[in-house]
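This note's numbering numbers the first residue of the first sequence as 3 and each following residue consecutively.
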Amino acid sequence: MLKINVESKDTNSKARAGWFETDHGKVETPIFMPVGTQGTVKAVNQSYLAEEIKAQIVLSNTYHLYLRPGTETLEAAGGLHKFMNWQKPILTDSGGYQVFSLSDLRKLKSGGVEFRSHLDGSKHFFTPEKVVSIQRSIGSDIMMVLDECAPYPCDYDYAKNSVQLTSNWAVLNKEAFEKSKPLYGYKQFQFGIIQGSIYKDLREKSVNDLLKLDFDGYAIGGLAVGEPTEQMYELVDFTTEFMPQERPRYLMGVGRPENILESIARGVDMFDCVMPTRNARNANVFTWNGTLSMRNAKYKDDFKSLDESCNCYTCKNYSRAYLRHLFIAEEILALELATIHNLYFYIDLVTQARVHIINKDFLEWKNKTVNEVSIKN
RNA sequence: GUGGGCGUAGCUCAGUUGGUUAGAGCACCAGGUUGUGGCCCUGGGGGUCAUGGGUUCAACUCCCAUCGCUCACC
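This is how it looks when you write it as structure tokens:
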């Protein structure tokens, strides 16, 4: 059973600092998990990821790895850690989000989801049992249950049925998890996912259904899909009230730097988001003084670093003008340098949040920082 | 030198028998991106239609001259 050890709780907010341990090492929270959907965090190698960026855990994806390279290859490799040369913890999403994001390619049925592969059109049926089995082959330290991430906007009846489906699947996910065993000699954990769209009573029902199954951790899913940001904060605040103190709390897919700080203040421990990596590839970088669009002509002869207060490899060695040149020339080094910076920034952000929670001055720091990082330069 | 073809946005080109305020793609400029395809989406600035005359109610479009590019033949 996975437990989070809460070492410090903020007195003015629900923020908490702690840690949990897997067989691939300790994770200090609050934490941001870089997204490595296909067994790679795009544009950055594992050595930089560990030593420069100081990532403690990365996220990968069941749906994508199942289609390519497939479970046979993953098992022959001895699991994803060995395959991708990453010896720290890995969390895998179940493919539930692809039910949402690839909605044109799937049919939702009571027993599972029928996908048409986005690669070759072939048909695959994902059940809760199958998703557990694939994640055994992957060997992730933390696996997510199969869920349905409801679209937004979403009427009450749809959301209610969706929560019921997710709760039914959660039972099957848990059974399959307990009946099966890890393949590679180290422990694996399983997190449940709370749904319910924007409806508080459905969120409450969803979390209570999952609590009966005693998962190792609990995730809040189905947010940041188009609802107003304030509503997202309110739902996070509402939902964490029902989540156990001693288990990790994971807000899936969120978000912008300010979203992460506001959610830490509402009691969340874990985050993932494509934003630092995807936006890096589109020339958008995050700094302690707001975002920069590195294609902008105003950086043509700007020889300052991206962020003069940042200690990442990119900021220590390269200028804005050079980054802009690389992006305009479509050189691949642009993607690498911007990704290193953005991930370093995100992990620095949650690390500093952790320090301020322990120092008991989190709320004041958070309010100041939210304003500064939100600036659009 | 003779004959033909062509000159429209930074680039490659559309533009109907002459008829509203001359368009597209790329490039450029600026936004967007939340359990990731470097994809994609949305806006914007840009034109003495080679130049000068002429015909006409009206010319990118027809006529003449000049300049430039290009092909063929001497």
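In this text, a Cβ means the ideal position worked out from N, Cα and C, and glycines have one as well.
Values in this document were obtained by computation on a predicted structure and should not be read as measured data.
If you check the CB distance, Thr341 and Lys90 do not come in under 9 Å. Taken through DSSP and simplified to helix, strand or coil, Ile92 comes out as strand.
Counting C-beta atoms within 10 angstroms of its own C-beta, Gly38 has 16 or more neighbours from the protein chains shown and is therefore classed as buried. Here Glu150 is near Phe102, since their CB atoms are less than 9 Å apart. In the same chain as Phe127, and ignoring 5 residues on each side of it, the C-beta atoms closer than 7 Å to its own belong to Gly114 and Glu116, in chain order. Taking Pro36 as the centre and dropping the five residues before and after it, the same chain places the C-beta of Val43, Ala57, Val60 and Leu345 closer than 6 Å to its C-beta, in chain order.
Here Asp25 has Asp143, Tyr188 and Lys189 as same chain residues with Cβ atoms under 8 Å from its own Cβ, once five neighbours each way along the sequence are excluded. Your pair Ala172 and Asp211 checks out as a contact, with CB atoms roughly 7 Å apart and the cut at 8 Å. Fewer than three beta-carbon pairs drawn from the stretch 317 to 332 and the stretch 258 to 267 are found closer than 8 Å, and the two stretches are therefore not classed as touching. Counted as a single uninterrupted DSSP element, the beta strand (DSSP E) harbouring Val8 occupies residues Asn7 to Lys11. Restricted to the stretch 78 to 151, the beta strand (DSSP E) segments that are unbroken, complete and at least 3 residues in length are 92 to 95, 108 to 111, 114 to 118, 125 to 128 and 144 to 146, listed in chain order. By the CB criterion at 9 Å, Thr293 and Val287 fall inside the cutoff. Under the 10 Å beta carbon count, Ile377 is surrounded by fewer than 16 other beta carbons and is classified as exposed.
Sixteen is the threshold: when 16 or more other Cβ atoms of the shown chains lie within 10 Å of the Cβ of Tyr65, as they do, the residue is buried.
For the alpha helix (DSSP H) assignment, the uninterrupted runs of no fewer than 4 residues enclosed by the stretch 246 to 332 are, from N- to C-terminal side, 259 to 267, 277 to 283, 315 to 319 and 322 to 330.
Straight-line spacing of the CA atoms in Lys16 and Glu23 works out to 22 Å. Straight through space, the alpha carbons of Asn281 and Cys275 are spaced by roughly 11 Å. Taking C-beta atoms as the reference points, Ala221 and Ile200 fail to come closer than 9 Å.
In terms of Cβ geometry, Leu67 and Leu82 form a close pair [threshold 9 Å]. Of the residues assessed, Glu232 falls on the exposed side of the cut-off, its CB having fewer than 16 other CB atoms within 10 angstroms. Secondary structure at Phe364: helix, using DSSP grouped into helix, strand and coil. Measuring C-alpha to C-alpha distances from Ile33 to each of Thr353, Leu308 and Arg283 identifies Thr353 as the nearest. If only uninterrupted beta strand (DSSP E) runs of at least 3 residues are considered, those enclosed by the stretch 141 to 212 are 144 to 146 and 191 to 196. Taking 9 Å as the cut-off, the beta carbon of Glu180 is found no closer than this to the beta carbon of Ser139. Comparing alpha carbon positions, the residue from Tyr320, Lys368 and Asn298 closest to Asn379 is Asn298.
Nearest to Phe244 by alpha-carbon distance, out of Met272, Glu229, Arg258 and Leu204, is Leu204.
For Thr242, there is no enclosing beta strand (DSSP E); the residue is found in the alpha helix (DSSP H) stretching over Thr231 to Thr242.
Distance from the Cα of Ser321 is smallest, within the candidate group Thr75, Asp304, Asp159 and Ser311, for Asp304.
Leu148 and Glu177 have their C-alpha atoms roughly 13 Å apart.
According to DSSP, residue pairing for Ser62 in a beta bridge involves Thr94. Close CB contacts of Lys302 within its chain, under the 7 Å cut and outside five residues either way in sequence, are with Ala323 and Arg326 (chain order).
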